[in-house]
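Just so we're aligned, residue 29 is where the sequence shown starts under the numbering used here, counting upward by one.
Heads up, the beta-carbon is just placed ideally off N, CA and C, and yes, glycines get one too.
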Amino acid sequence: MYTIALIAQKGGTGKTTLAVSLAVAAGQVGLKALIFDLDPQATACNWKDRRKGDGPVVIDAQPSRLAAALEKAEENGVDFAVIDTPARSEQSALAAAKVADLVLIPCRPQAYDLETIPNTKEILALAGHTPALAILNAVPAFGDRHEQARAFLNRLQIPVCPVMLGNRAVFGDSGAVGLAAQEYDQRGKGAAEILQVYKYILSVLVQQKSKPKKEHHEQQSRPGHIAG
Ligand SMILES: Nc1ncnc2c1ncn2[C@@H]1O[C@H](COP(=O)(O)OP(=O)(O)OP(=O)(O)O)[C@@H](O)[C@H]1O
Ligand SMILES: [Mg+2]
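As structure tokens, then:
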């Protein structure tokens, strides 16, 4: 089973949007996907309530029960577990980072998001240096903010996903009806971006699983390793 966690101490960076989109992407290629929603706002659970189709199952979870819940999920044949966490909760972020194979840090290319990244990095260190990947989200069509954000993240030695998500209405519109962007508009740019992000993440996870744990933690903390 692969376990990914969405963590960002800033609110509204795209944690839940990515959590549901990636879980749906895994389901679309035949994996059994499950979302653990650690957020008391229950955004992912509410998304599931609006959803008409099958899967992914969304579980309303507590940080202290997460490890046990994951074990149970693996016993039940889950292939791809996604943990969505609330903003500004070190307890949830730490619990998720401890059990995840890979932490994804969605980040808008703007100062308010970027200035919270060192705090997220501290949580990753406390969790035992879980491999992490920042994903630039809601990137405007014009300007070079994403380049500046990428440079900032490189300086902090946080690897950055080569695929970015643009600022697109489809992410909000799809969530409002319990769908992922790639279901709402299969041929749209948002769909293409999510599928590329999913493929990239899966390649990182597969690569990681083939290495001893200590080694992959060390390598992932070096920028350029993943992108290379
Ligand atoms: N790439 C994008 N383009 C446009 N809007 C986006 C994008 N990603 C997310 N959004 C919108 O931004 C808002 C916040 O996204 P989301 O709920 O996924 O963030 P979050 O990090 O889970 O927030 P919270 O910290 O409150 O849990 C939502 O309205 C969502 O539709
Ligand atoms: Mg959320």
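- How long is the line joining the alpha carbons of G105 and K149, rounded to whole angstroms? 31 angstroms
- Would the segment 162-172 and the segment 124-143 be scored as touching if the rule is three or more Cβ pairs under 8 angstroms? yes
- Task: Below 8 angstroms on the Cβ atoms is my guess for G218 versus R196; work out the distance and round it to an integer in Å.
- Result: 5 angstroms
- Query: Taking the alpha carbon of A124 as the point to measure from, which residue in Q235, C189, H174, L152 has its own alpha carbon closest?
  - Reply: L152
- With 16 other CB atoms within 10 Å as the buried threshold, where does A47 fall? buried
- Message: I'd like to confirm something about D107: is its beta-carbon nearer than 8 angstroms to some heavy atom of ligand 2, or not?
- Response: no
- Where K43 falls: helix, strand or coil (DSSP): helix
- Task: To the nearest angstrom, report how far apart V86 and D112 are at their CA atoms.
- Result: 10 angstroms
- For Y212, write down the residues that DSSP places opposite it in a beta bridge. Its beta-bridge partners do not exist; DSSP assigns none.
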